[in-house]
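First comes the structure, then the notes that go with it.
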Amino acid sequence: MAFLPLIFAGAYQVFKGDYRKWPMLSIGMTLLVYSHLLSVFIATLLLTIYFLIFLICADERKKRIMALINAVLSCTLMSLFQIVPLIEQILFTKLSSSVTFPLNNQLFNFKQLIMVNLVNQLDKQVGFVLFISVVVICLRLRYIEKMWRILFVISLCLLLATTCLVNWEKFPLDLLKVLQFPWRLNGFTTIFLSYLLVVVLLNLKKYIYVSFMILAIFMNTVT
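To get our numbering, take the position in the sequence shown, counting from 1, and add 316.
As structure tokens, this is what we get:
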């Protein structure tokens, strides 16, 4: 997960900022390939969804699409040392899949979701500060750019995907059983909500910003 901020920053440059900085996205995804392939799957899925949505209102579409293609091709080339042996193992070695557990058995109901976050159980959810940040962001949603509002909707969907509101056993979500654990999505939710909270707080008065930062430091040091 250490490389997710770099991927997020690179994706921002390709989708909204200076598309000539696409190597940030390429390098971030390459590092993720060499560290955790399952996270590559999740990141690719989320980036694809976000890009297709944002492409509707993006400027310089052709150049941004070409920048994304460049990032994908360069990432693929740099990842060959990982991809080629993986393909070789799949083709010529009999592999046994790991034990999978029903994803629905690992979900929280809405009450549990609130309680787990309020007691700041970071191993199971995003934690107290980011859970409260959902309310803060909602209150300031109309004051932030459209692309961040889209990201907030995606963040909410990821958060709710770890609850009983989502049935992971039905099509098409049953195709994502490779995730093994719904809480794997929390890493991405954390990155998105953290950035959105900063975007919102920078528009608020200084004393509110400082107070929230002190609270964040305190809550994340509580064990």
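We put the CB at the ideal spot given by N, CA and C, even for glycine.
Values in this document were obtained by computation on a predicted structure and should not be read as measured data.
Shortest Cα-Cα distance from Val516 to any of Val452, Val442, Val482, Ile466 involves Val452.
With distances taken between CA atoms, Thr479 lies nearest to Asn425 out of Met340, Ser390, Ala383, Asn425. Using a Cβ distance threshold of 8 Å, Phe331 and Ala374 count as a contacting pair. By the criterion of at least three beta-carbon pairs nearer than 8 Å, the stretch 340–349 is in contact with the stretch 323–330.
Judged by DSSP in its simplified three-state form, Thr479 adopts strand. In this structure, the alpha-carbon of Met382 lies about 13 Å from that of Asp334. Across the structure, Val435 and Phe444 are spaced so that their CA atoms are roughly 7 Å apart. Nearest neighbour of Phe319 by Cα position, chosen from Phe367, Arg377, Val356, Arg465, turns out to be Val356. Residue environment for Arg380: buried (at least 16 other C-beta atoms within 10 angstroms of its C-beta). Nearest Cα to Arg500 within the set Ile372, Leu513, Leu419: Leu419. In the three-state reduction of the DSSP assignment, Phe497 falls in the coil class, being assigned neither a helical nor a strand state. Residue pairing by DSSP puts Phe424 in a beta bridge opposite Thr479. Spatial neighbours of Gln422 in its own chain (CB-CB distance under 7 Å, excluding positions within 5 residues in sequence) are listed in chain order as Phe497, Pro498. Residue state for Pro488 is assigned as coil, using DSSP reduced to three classes. Between Phe508 and Ile470, the C-beta spacing is below 8 Å. Taking the C-beta atoms as reference points, Phe468 is found nearer than 8 Å to Leu512.
In this structure, Ser390 is the residue among Met394, Ser390, Ile365, Leu348 with its C-alpha nearest to the C-alpha of Lys337. Looking at Lys486, Ile372, Ile460, the one whose alpha-carbon comes closest to that of Leu518 is Ile460.
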